[in-house]
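The sequence shown runs contiguously to residue 281 in UniProt numbering.
Where is the CB? At the ideal position from N, CA and C, for every residue including glycine.
None of these values were measured; they are calculated from a predicted model.
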Amino acid sequence: RIVYVNGTYVPEAEAKLSVFDRGLLFADAVYEVTAVIDGKLLDFPGHMARLRRSLAELRLPSPGSDQEILAIHRELLARNALTQGHIYLMVTRGEADRDFVWPKDGTPPSFVLFTQKRDAIETREAVEGLRVITVPDLRWGRRDIKTVQLLYPSLAKMEAKSRGKDDAWMVEDGTVTEGTSNNAYIVTQDGTIVTRALGHDILHGITRAAIMKVAGELALHVEERPFTVAEAQGAREAFITSAGAFVTPVVEIDGTPIGDGRPGPITRRLRAAYLEAAL
Ligand code: PDD
3 RIVYVNGTYV PEAEAKLSVF DRGLLFADAV YEVTAVIDGK LLDFPGHMAR
53 LRRSLAELRL PSPGSDQEIL AIHRELLARN ALTQGHIYLM VTRGEADRDF
103 VWPKDGTPPS FVLFTQKRDA IETREAVEGL RVITVPDLRW GRRDIKTVQL
153 LYPSLAKMEA KSRGKDDAWM VEDGTVTEGT SNNAYIVTQD GTIVTRALGH
203 DILHGITRAA IMKVAGELAL HVEERPFTVA EAQGAREAFI TSAGAFVTPV
253 VEIDGTPIGD GRPGPITRRL RAAYLEAAL
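Here it is in structure tokens:
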């Protein structure tokens with residue numbers, strides 16, 4: 003693979019970041035993942051808007067204009083001949099002697115992008131659905147900032163895998179916040195789509211925003227409110243959204259099948275409509 007590091011395109015084996023990079027030492031970094039279908043970037047402006055917000059919340063310096071960042075994405079797609087998969091982007095506070103205090107203004111951020119080839123369309127998960135467990139949400143209180151502090155979600159996902167399941171939904175004060183790397187939804191028995199409202203407790207998914215729009219176009223009713231694990235287990239359908247998974251059904255929560263235990267019709271309609279709108 004050819005990757006991008008601080009202004010240069012290099013083979014991945016030659017890419018270098020300092021051991022003093024604050025992304026490594028403090029997880030002092032934000033990221034974005036933009037899906038690629040048929041060589042096209044999905045929701046690029048949305049990802050840039052969220053990146054700007056994450057950078058501003060942490061007072062991280064900007065690595066360039068949206069136009070410059072788009073040009074890097076396009077160059078990486080071309081150099082890697084990527085048509086299906088995604089592009090990962092990360093901005094760190096750069097290199098400085100290890101100190102909890104930030105380095106002086108003007109320290110250049112580190113800026114890294116790479117491609118990941120993946121066919122996210124014809125996946126087993128999309129056809130069969132995911133089986134999830136629930137775990138307490140032990141992350142910090144600013145999950146709306148897309149930082150690279152992903153240790154807890156990674157542990158939660160490993161816990162799910164160790165129990166033979168696919169993923170974990172995180173629970174706080176009795177209600178589901180989101181999945182380890184996706185937003186969580188249920189479809190109630192009367193056909194209403196329910197997902198948690200935006201706040202500091204979840205990531206503001208770019209796919210979530212797109213799905214809200216698609217649901218509106220399909221005249222589906224959406225309610226933004228918290229839901230409990232029990233409500234989810236009694237729901238007609240459940241699903242998740244992310245740039246990596248688009249819309250993917252959830253067919254089991256903590257061992258309880260959702261609906262008839264198979265991907266539901268509203269979930270399938272949303273996935274098809276999302277992919278159609280994206281192309
Ligand atoms: N994860 N919630 C969390 C905690 C996430 O990490 C993600 C994305 C989402 C969905 O956001 P979006 O629709 O903008 O992808 C929700 C990315 C894909 C990742 O970490 O790989």
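Assuming PRO110 contacts GLY131 under a Cβ cut-off of 8 Å, what Cβ separation, rounded to an integer in Å, is found between them?
Contact flag wrong, Cβ pair sits at about 45 Å.
Can we count ARG120 as close to the ligand PDD, meaning its CB is less than 7 Å from some heavy atom?
no
List the endpoints of the continuous alpha helix (DSSP H) containing ALA232.
231 to 235
Under 8 Å, with one C-beta from each stretch per pair, do the region 40 to 51 and the region 159 to 174 reach the 3-pair mark?
no
Compare the Cα-Cα distances from LEU220 to each of GLN118, ALA275 and ALA83 and report the closest residue.
ALA275
For SER112, the first and last residue of its enclosing beta strand (DSSP E)
112 to 119
Considering only C-alpha positions, which residue in the set LEU53, TYR6, ALA234 and THR197 is nearest to residue 2?
Outside the modelled stretch of the chain, which goes from 3 to 281, sits residue 2, for which no answer is possible.
Roughly how many angstroms lie between the CA atoms of ARG270 and ILE188, to the nearest whole one?
13 Å
Smallest Cα separation from TRP142: which of PRO105, ASP203 and PHE116?
ASP203
Buried or exposed, going by whether 16 or more other CB atoms sit within 10 Å of the CB of GLU239?
buried
I believe VAL32 touches LEU60 by the beta-carbon criterion, under 8 Å. Please report the beta-carbon distance rounded to the nearest angstrom.
6 Å
Which residues have their C-beta within less than 6 Å of a heavy atom of the ligand PDD, listed in chain order?
VAL35, GLU180, SER183, ASN184, ASN185, LEU205, GLY207, ILE208, THR209, ARG210, THR243, SER244, ALA245 and GLY246
THR179 to ASP139, Cα distance in whole Å?
8 Å
By the three-class DSSP mapping on this structure, what secondary structure does PRO47 have?
helix
Compare the C-beta of ILE89 with all C-beta atoms of chain C and state if any pair is closer than 8 Å.
Structure shown: chain C not included; a single protein chain is present.
Check whether the Cβ atoms of LEU72 and ILE89 sit closer than 8 Å, and answer yes or no.
no
From PHE241 to THR94, what distance separates their C-alpha atoms?
32 Å
Just the Cα atoms here: how many angstroms apart are LEU57 and THR250?
29 Å
Selection from ASN185, LEU152 and ARG264 that minimises the alpha carbon distance to SER244
ASN185
Check the C-beta distance from GLU225 over to VAL252 and give it rounded, since I have them as a contact under 8 Å.
Actually they are not in contact, since the Cβ atoms of GLU225 and VAL252 sit about 18 Å apart, beyond 8 Å.
Nearest CA to the CA of ALA66: which residue from ASP121, THR136, SER112 and ASP99?
First, the amino acid is wrong: residue 66 is Gly here, not Ala. The option with the nearest alpha carbon to GLY66 is SER112.
Residues near ARG165 in its chain [Cβ-Cβ closer than 8 Å; skip 5 each side]
ILE135
Please state whether DSSP places LEU132 in a helix, a strand or coil.
strand
Enclosing alpha helix (DSSP H) for GLY87 [first to last residue]
No alpha helix (DSSP H) contains GLY87, which is instead part of the beta strand (DSSP E) from 87 to 94.
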